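Undergrad: Numbered according to the numbering used here, the sequence shown spans residues 4 to 145.
What follows is a single structure, and I will ask about it in a moment.
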Amino acid sequence: MESTATRFSLARAIGPTVRARALVSTVPFSARYDLDRVNGVVSRIDHPLRGSSITDRLFIAPGVQGGVAGGWALMAMAKRGIGFAGLILGDTNPVMVQGAVTAGIPIAAGFDVELLETVRTGDLIELDPEQRTLRIIERLRS
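Okay, structure coming up:
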């Protein structure tokens, strides 16, 4: 592991500060179609993260897809104890924000593309919604 102090600004964020391992998707995310909501893993056959656990991960993606069912999926997974630690999205929609907030999942949206190019799956990161920042605490060595 290597230490770092890389910090990124976020346009909007809500929820408590959370520190967890990153799970980084290069494609937009659908809580309804991309996840096995019973086991907490990415399940869509052609998804680059297929088989990855989302449980207690800070999930980063360029955006979201879908509507109301996605918000309900977030709440159902959180209730089962297999939900995300937080969501950091390039772009989102009101339904996803409502689902995350209702489920008690910190959520942020609006970041520079450099964040997606820098943060790697497995990095220890911290989302601070009050400061609207994402910080890399520790990087996995590649």
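Using N, Cα and C, we set each Cβ at its ideal position, and we do this for glycine too.
Because the structure is a prediction, the values reported are computed rather than measured.
Between residue 108 and residue 87, is the Cβ-Cβ spacing less than 8 Å?
TA: Taking the sequence shown and counting its residues from 1, the one referred to as residue 108 is at position 105. Taking the sequence shown and counting its residues from 1, the one referred to as residue 87 is at position 84. Cβ atoms of residue 108 and residue 87: closer than 8 Å.
Undergrad: For residue 143, count the other beta carbons within 10 Å of its own beta carbon; 16 or more makes it buried, fewer makes it exposed. Which is it?
TA: Here residue 143 refers to the residue found at position 140 when the sequence shown is read from its first residue. Counting Cβ neighbours within 10 Å, residue 143 comes out exposed, since fewer than 16 surround it.
Undergrad: Let's see if you can read the secondary structure: which residues bound the beta strand (DSSP E) around residue 29?
TA: As a working mapping, residue 29 is identified with position 26 in the sequence shown. Taken as a continuous stretch (DSSP letters only), residue 29 belongs to no beta strand (DSSP E), as it is neither H nor E.
Undergrad: Classify residue 133 as helix, strand or coil using the three-state DSSP reduction.
TA: Taking the sequence shown and counting its residues from 1, one reaches residue 133 at position 130. It is coil, neither helix nor strand.
Undergrad: For residue 101, which residues of its own chain have a beta-carbon under 8 Å away from its beta-carbon, when the five flanking residues on both sides are left out?
TA: Counting from 1 along the sequence shown, the entry for residue 101 is found at position 98. For residue 101, where only same-chain residues beyond five positions count, the Cβ hits under 8 Å are 74.
Undergrad: Let me check understanding here. Comparing Cα to Cα, which of 51, 20, 85 and 23 lies closest to residue 29?
TA: Here the question's residue 29 lines up with position 26 in the sequence shown. Considering only alpha carbons, the answer is 51.
Undergrad: Once the 5 residues before and after residue 36 are set aside, which same chain residues still bring their CB inside 8 Å of it?
TA: Position 33 of the sequence shown holds residue 36. Here the set comprises 47, 68 and 69.
Undergrad: Threshold first: 3 residues or longer. Then list the beta strand (DSSP E) segments lying entirely within the segment 67 to 105, N to C.
TA: List check, beta strand (DSSP E) in window: 89 to 92.
Undergrad: Closest to residue 93 by C-alpha separation, out of 34, 33, 60 and 118, would be which residue?
TA: Walking along the sequence shown from the start, residue 93 turns up at place 90. If we check each option's Cα against that of residue 93, 118 comes out closest.
Undergrad: Taking only the alpha-carbon atoms, compute the straight-line gap between residue 137 and residue 10 and give it to the nearest angstrom.
TA: Here the question's residue 137 lines up with position 134 in the sequence shown. Here the question's residue 10 lines up with position 7 in the sequence shown. C-alpha separation (whole angstroms): 6 Å.
Undergrad: Would you report the Cα separation of residue 77 and residue 34, rounded to the nearest angstrom?
TA: Against the sequence shown, residue 77 aligns to sequence position 74. Against the sequence shown, residue 34 aligns to sequence position 31. Roughly 7 Å separates the two Cα atoms.
Undergrad: For the beta strand (DSSP E) that residue 61 lies in, which residues bound it at each end?
TA: Counted from its first residue, the sequence shown places residue 61 at position 58. That run of the beta strand (DSSP E) goes 60 to 64.
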